[in-house]
Amino acid sequence: MTALYLPSLVRIGGGALNELPAALKQAGLSAPFIITDGFMAKSGLLDRVQTLLAEADIQSGAFPDAVPDPTVTSVEAALAALKRGVYDCVIGLGGGSPIDTAKMVAVLAKHGGTPSHLKVPHVQDEAGLPIIAIPTTAGTGSEATRVTVITDEKTDEKMLCAGYAYLPHIAIVDYELTLTMPRRLTADTGIDALTHAMEAYVSKRASPFTDALALAAMKRIWHALPIACKDPSSREAREQVMQGAFEAGMAFSNASVALVHGMSRPIGAHFHVAHGLSNAMLLPEITAWSVTGAQSRYATCARVMGIVPPDAEDGAACTALVAALRERNRELDVPSPSSYGLQESRWNDLLTLMAEQALASGSPANNPRVPSHTEIVDLYRKVWA
Numbered sequence: 001m002t003a004l005y006l007p008s009l010v011r012i013g014g015g016a017l018n019e020l021p022a023a024l025k026q027a028g029l030s031a032p033f034i035i036t037d038g039f040m041a042k043s044g045l046l047d048r049v050q051t052l053l054a055e056a057d058i059q060s061g062a063f064p065d066a067v068p069d070p071t072v073t074s075v076e077a078a079l080a081a082l083k084r085g086v087y088d089c090v091i092g093l094g095g096g097s098p099i100d101t102a103k104m105v106a107v108l109a110k111h112g113g114t115p116s117h118l119k120v121p122h123v124q125d126e127a128g129l130p131i132i133a134i135p136t137t138a139g140t141g142s143e144a145t146r147v148t149v150i151t152d153e154k155t156d157e158k159m160l161c162a163g164y165a166y167l168p169h170i171a172i173v174d175y176e177l178t179l180t181m182p183r184r185l186t187a188d189t190g191i192d193a194l195t196h197a198m199e200a201y202v203s204k205r206a207s208p209f210t211d212a213l214a215l216a217a218m219k220r221i222w223h224a225l226p227i228a229c230k231d232p233s234s235r236e237a238r239e240q241v242m243q244g245a246f247e248a249g250m251a252f253s254n255a256s257v258a259l260v261h262g263m264s265r266p267i268g269a270h271f272h273v274a275h276g277l278s279n280a281m282l283l284p285e286i287t288a289w290s291v292t293g294a295q296s297r298y299a300t301c302a303r304v305m306g307i308v309p310p311d312a313e314d315g316a317a318c319t320a321l322v323a324a325l326r327e328r329n330r331e332l333d334v335p336s337p338s339s340y341g342l343q344e345s346r347w348n349d350l351l352t353l354m355a356e357q358a359l360a361s362g363s364p365a366n367n368p369r370v371p372s373h374t375e376i377v378d379l380y381r382k383v384w385a
């Protein structure tokens with residue numbers, strides 16, 4: 001038996017943003033509170049959304065100060081702003097950080113408490129305010145997931161919070177909002193989405209439903225991402241990566257992520273490396289370590305992405321997959337932790353803690369090859385250079 005969790009209402013494609021007022025009305029919502037960041041506010045997108053709503057006689061409030069890798073302090077500030085008005089839903093507008101902030105605010109607005117009380121193993125299924133997700137990057141898949149990640153700045157812990165309450169009720173997936181993304185952000189968020197798809201496919205919690213989504217996402221992203229990075233104005237490439245990110249989001253929301261994500265979150269928390277970039281740093285070597293746990297599945301990834309012919313033998317396909325992931329990182333200028341400029345002594349000092357936090361997130365347990373604490377420490381050492 002497979003339980004599936006998917007957004008109730010989806011508008012996808014170029015110009016989908018214009019359908020926001022109609023989607024709200026279809027859902028019986030009329031007083032949205034928008035959470036976004038300073039860039040979205042300065043770019044004019046927040047004004048565009050609020051004008052679009054106002055033209056449909058929908059008045060909205062806004063919090064434009066969401067921060068990257070959302071913190072407890074940022075969530076509390078957004079929640080306080082929401083409580084100064086009367087709203088019946090929360091819109092997350094931007095990348096994964098504003099959407100994750102919106103998810104947590106929507107739950108706390110109804111149930112109270114703090115993010116630390118909601119982190120896994122707690123599961124928050126009882127819904128808060130309805131969540132509307134409008135992604136402006138093609139990578140996190142947060143518009144389709146029932147998870148959010150909030151950083152406790154006092155402990156440098158990225159807290160994974162999960163449950164049906166975090167699943168957006170409405171997802172507006174408009175690739176036109178990604179046309180101005182810079183190359184670095186395009187690459188990092190795209191590899192994040194590829195990681196979602198691959199980990200969902202090899203996860204111990206995979207199902208035929210999530211397999212179909214994950215494989216479709218891998219194929220799209222692998223072929224379109226280099227084009228989107230080289231030619232940012234390519235509408236076809238942007239559309240393919242955006243749809244792939246959405247498919248990958250639905251896949252991992254239902255099958256879970258695995259070791260790459262488990263190890264990625266502590267890097268982001270302690271060194272403030274963007275989530276997509278830390279995933280990209282890890283993906284080739286963690287895949288190389290994991291392939292023996294699900295050789296046929298990793299081989300299928302290689303075949304679907306066109307890295308090897310359909311009739312390639314599993315072992316050769318896995319070898320080619322790892323080589324292709326390493327080459328793709330070189331092609332997209334993904335740095336190692338060392339070349340990115342992280343402090344080696346601090347990295348080494350934090351290895352034990354990062355491994356503990358990775359295991360505590362639960363994600364490594366979904367990996368086809370489950371690591372020990374010592375093996376995670378060794379893997380962190382291996383990816384350093």
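Heads up: the sequence shown at position 379 corresponds to 379 in full-length UniProt numbering, and the numbers run straight through without jumps. Where a beta carbon is used, it is the ideal one built from N, C-alpha and C, also for glycine.
So the beta strand (DSSP E) residue i belongs to, where does it begin and stop?
{"i": "ARG84", "result": "Premise fails: ARG84 is in no beta strand (DSSP E) and is neither H nor E."}
{"i": "ASP37", "result": "32 to 37"}
{"i": "ILE12", "result": "9 to 12"}
{"i": "ILE307", "result": "Unbroken run through ILE307: none, as it is neither H nor E."}
{"i": "VAL173", "result": "170 to 173"}
Residue i to residue j, Cα distance in whole Å?
{"i": "CYS301", "j": "ALA228", "result": "21 Å"}
{"i": "GLY163", "j": "ASP333", "result": "35 Å"}
{"i": "VAL322", "j": "ALA316", "result": "10 Å"}
{"i": "LYS154", "j": "HIS270", "result": "11 Å"}
{"i": "ALA358", "j": "THR51", "result": "43 Å"}
{"i": "THR195", "j": "TYR87", "result": "35 Å"}
{"i": "THR145", "j": "ASP100", "result": "10 Å"}
{"i": "PRO98", "j": "GLY38", "result": "10 Å"}
{"i": "LYS158", "j": "SER116", "result": "10 Å"}
{"i": "ARG238", "j": "VAL260", "result": "25 Å"}
{"i": "CYS161", "j": "ALA312", "result": "40 Å"}
{"i": "ASP156", "j": "VAL377", "result": "18 Å"}
{"i": "MET250", "j": "ILE286", "result": "22 Å"}
{"i": "TRP289", "j": "ARG326", "result": "13 Å"}
{"i": "MET305", "j": "ALA224", "result": "11 Å"}
{"i": "ALA197", "j": "MET281", "result": "16 Å"}
{"i": "ALA258", "j": "ALA294", "result": "13 Å"}
{"i": "GLU199", "j": "GLU55", "result": "42 Å"}
{"i": "TYR380", "j": "PHE252", "result": "23 Å"}
{"i": "GLU176", "j": "GLU356", "result": "40 Å"}
{"i": "ILE132", "j": "GLY94", "result": "11 Å"}
{"i": "PRO232", "j": "ARG183", "result": "7 Å"}
{"i": "LEU350", "j": "GLY341", "result": "16 Å"}
{"i": "PRO371", "j": "LEU283", "result": "15 Å"}
{"i": "PHE246", "j": "GLY190", "result": "11 Å"}
{"i": "GLU375", "j": "THR352", "result": "11 Å"}
{"i": "ALA187", "j": "ARG330", "result": "11 Å"}
{"i": "THR114", "j": "THR140", "result": "23 Å"}
{"i": "SER361", "j": "VAL105", "result": "21 Å"}
{"i": "ARG235", "j": "LEU29", "result": "32 Å"}
{"i": "LEU79", "j": "GLY13", "result": "31 Å"}
Going by the beta-carbon positions, is the gap between residue i and residue j smaller than 8 Å?
{"i": "SER264", "j": "HIS275", "result": "yes"}
{"i": "PHE33", "j": "VAL75", "result": "no"}
{"i": "PRO7", "j": "ILE58", "result": "no"}
{"i": "ALA138", "j": "ALA214", "result": "no"}
{"i": "VAL72", "j": "ASP174", "result": "no"}
{"i": "residue 460", "j": "ALA27", "result": "Since the first residue of the chain shown is 1 and the last is 385, residue 460 is not available in this structure."}
{"i": "PRO368", "j": "ARG297", "result": "yes"}
{"i": "THR178", "j": "MET242", "result": "yes"}
{"i": "VAL123", "j": "TYR166", "result": "no"}
{"i": "SER278", "j": "SER203", "result": "no"}
{"i": "ASP314", "j": "ALA299", "result": "yes"}
{"i": "VAL291", "j": "SER336", "result": "no"}
{"i": "ALA102", "j": "GLY128", "result": "no"}
{"i": "GLY61", "j": "GLY85", "result": "yes"}
Terminal residues of the continuous alpha helix (DSSP H) containing residue i?
{"i": "ALA56", "result": "ALA56 -> no alpha helix (DSSP H), and no H or E assigned at all."}
{"i": "ASP378", "result": "373 to 384"}
{"i": "GLN343", "result": "GLN343 -> no alpha helix (DSSP H), and no H or E assigned at all."}
{"i": "VAL322", "result": "314 to 331"}
{"i": "LEU179", "result": "LEU179 -> no alpha helix (DSSP H), and no H or E assigned at all."}
{"i": "ALA22", "result": "20 to 26"}
Rounded to the nearest angstrom, how far is the Cβ of residue i from that of residue j, given a contact under 8 Å?
{"i": "SER142", "j": "GLY96", "result": "5 Å"}
{"i": "THR36", "j": "LEU46", "result": "5 Å"}
{"i": "MET181", "j": "PRO266", "result": "Contact flag wrong, Cβ pair sits at about 26 Å."}
{"i": "ASN366", "j": "ARG205", "result": "6 Å"}
{"i": "ARG64", "j": "ALA41", "result": "Before going further, note that residue 64 is Pro rather than Arg in the sequence given. Between ALA41 and PRO64 the Cβ distance is about 4 Å, and since that is below 8 Å, they are a contact."}
{"i": "LEU4", "j": "ASN254", "result": "6 Å"}
**OP:** Tell me the start and end of each unbroken beta strand (DSSP E) in the segment 92 to 167 that is at least 3 residues and wholly inside, in chain order.
**Re:** 131 to 135, 147 to 152, 157 to 162
Original post:
In chain order, which continuous runs of the alpha helix (DSSP H) of length 4 or greater are located wholly inside the segment 192 to 279?
Top reply: 208 to 230, 235 to 255, 259 to 271
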